[in-house]
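Q:
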Amino acid sequence: MANHYLHIVGTVHLDLKGKDRLDTVIAGFNPQTIALEMTKSREMLPRMVKENISSFVEGLKPSTSEEREILTVLGHYLTDEVIGYELKACNDYKNKKPEVELSYVDLDIVNPSDYINLVLRNLKQFFPMLTPGGDLKKHKKTLRLFSETLYFLQEIGAKKKLEDQSLIHLSEEERQTLKRIYSDQRNEVMAEKIRERYHSGNQLLAVVGLGHLSALESKLTDLNPTILTLPEAVKIYS
Numbered sequence: 100m101a102n103h104y105l106h107i108v109g110t111v112h113l114d115l116k117g118k119d120r121l122d123t124v125i126a127g128f129n130p131q132t133i134a135l136e137m138t139k140s141r142e143m144l145p146r147m148v149k150e151n152i153s154s155f156v157e158g159l160k161p162s163t164s165e166e167r168e169i170l171t172v173l174g175h176y177l178t179d180e181v182i183g184y185e186l187k188a189c190n191d192y193k194n195k196k197p198e199v200e201l202s203y204v205d206l207d208i209v210n211p212s213d214y215i216n217l218v219l220r221n222l223k224q225f226f227p228m229l230t231p232g233g234d235l236k237k238h239k240k241t242l243r244l245f246s247e248t249l250y251f252l253q254e255i256g257a258k259k260k261l262e263d264q265s266l267i268h269l270s271e272e273e274r275q276t277l278k279r280i281y282s283d284q285r286n287e288v289m290a291e292k293i294r295e296r297y298h299s300g301n302q303l304l305a306v307v308g309l310g311h312l313s314a315l316e317s318k319l320t321d322l323n324p325t326i327l328t329l330p331e332a333v334k335i336y337s
């Protein structure tokens, strides 16, 4: 039987409704401790990504100055709404309940530029379906629909298959970056830090990227955590 005092929830980092969804899960579970896949140095990642939006937009090869301006606005929109929503949700909950322990449990072994490049690469997923010359309102609607499609794929269990398929199109440099980012050393450290912070009867919620769920489940078998994707958790707590 799963341990209902220890929940590990896997998120998709690019989810336009992610913060609202995670807010619902955190409030519903009402943890005394939150273990977050985060490090002190990565707190500034949203700002660092925003600083790279201009070069990111140029890489999309806009054909007119108007298109460049629209893509820049959309890049900032996605960065503001999506990047770091897990940290925002956890901080908001702690501000409401100062007695809650919020711990960063990740290992800081990756160059921040690797994370920036990965985030910008993932942002590119949102842009190919935008019709040239469309207005900002229409583009934002398209981006929201795409985000919801990814969420739906995660909900029906197809997200892993989608991620595996996307690996086919990676360059060797991108593969090496992912290898550094998804190092098993990080999973080992996160599992150990979650174990240190968990005490029987104390409700602990761990919030990690979807790609870490299976490794953490296997490394914490003795604690028998409840393993949930964000859609599964939302269904329980909404």
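Using the working numbering, read the sequence shown as starting at 100 and increasing by one per residue.
In this text, a Cβ means the ideal position worked out from N, Cα and C, and glycines have one as well.
Quick caveat, the model's predicted, so the values are computed rather than measured.
What did DSSP end up calling Q311 once you bin it into helix, strand or coil?
A: Note that residue 311 corresponds to His in the displayed sequence, not to Gln. Helix at H311.
Q: Is the beta carbon of L329 less than 8 Å from the beta carbon of R120?
A: Contact: yes.
Q: If you check the beta carbons only, do V66 and P130 fall under 8 Å apart?
A: Residue 66 cannot be examined here, being either before or after the span of the chain that is shown, 100 to 337.
Q: Going by DSSP in three states, H298 sits in which element: helix, strand or coil?
A: The answer is coil: DSSP assigns H298 none of H, G, I, E or B.
Q: With a Cβ-Cβ cutoff of 8 Å, do I326 and L309 count as a contact?
A: Contact: no.
Q: Distance check for G109 and E316, CA to CA, integer angstroms please.
A: The straight-line gap from Cα to Cα measures roughly 11 Å.
Q: If you measure from the beta carbon of F128 to each beta carbon in chain B, is any gap under 8 Å?
A: Protein chains in the displayed structure number just one, and chain B is not present.
Q: According to DSSP, simplified to helix, strand and coil, what is H112?
A: H112 falls in the coil class under three-state DSSP.
Q: Near S202, what residues of its chain come up, given a Cβ to Cβ distance below 8 Å and the 5 sequence neighbours on each side ignored?
A: Contacts found: T132, I133, A134, L135, K292, R296.
Q: Which same chain residues end up closer than 6 Å to P161 when comparing Cβ atoms and leaving out the 5 residues on each side of it in sequence?
A: Contacts found: R167, L170.
Q: Could you tell me the distance, in whole angstroms, from the CA atom of H106 to the CA atom of Q302?
A: Computed Cα separation, rounded: 8 Å.
Q: For I152, is the classification buried or exposed, using 16 other Cβ atoms within 10 angstroms of its Cβ as the cut-off for buried?
A: Answer is buried; the Cβ neighbour count reaches 16.
Q: Quick one: what does DSSP say A101 is sitting in, helix, strand or coil?
A: Reduced to three states, the DSSP call for A101 is coil.
Q: Return the chain-ordered list of same chain residues with a C-beta closer than 8 Å to the C-beta of A126, the five sequence neighbours on each side being excluded.
A: Cβ neighbours of A126 beyond the five flanking positions: Y192, Y336.
Q: Skipping 5 residues on each side, what residues in its chain have a beta carbon closer than 7 Å to that of K223?
A: Answer for K223: no residue qualifies.
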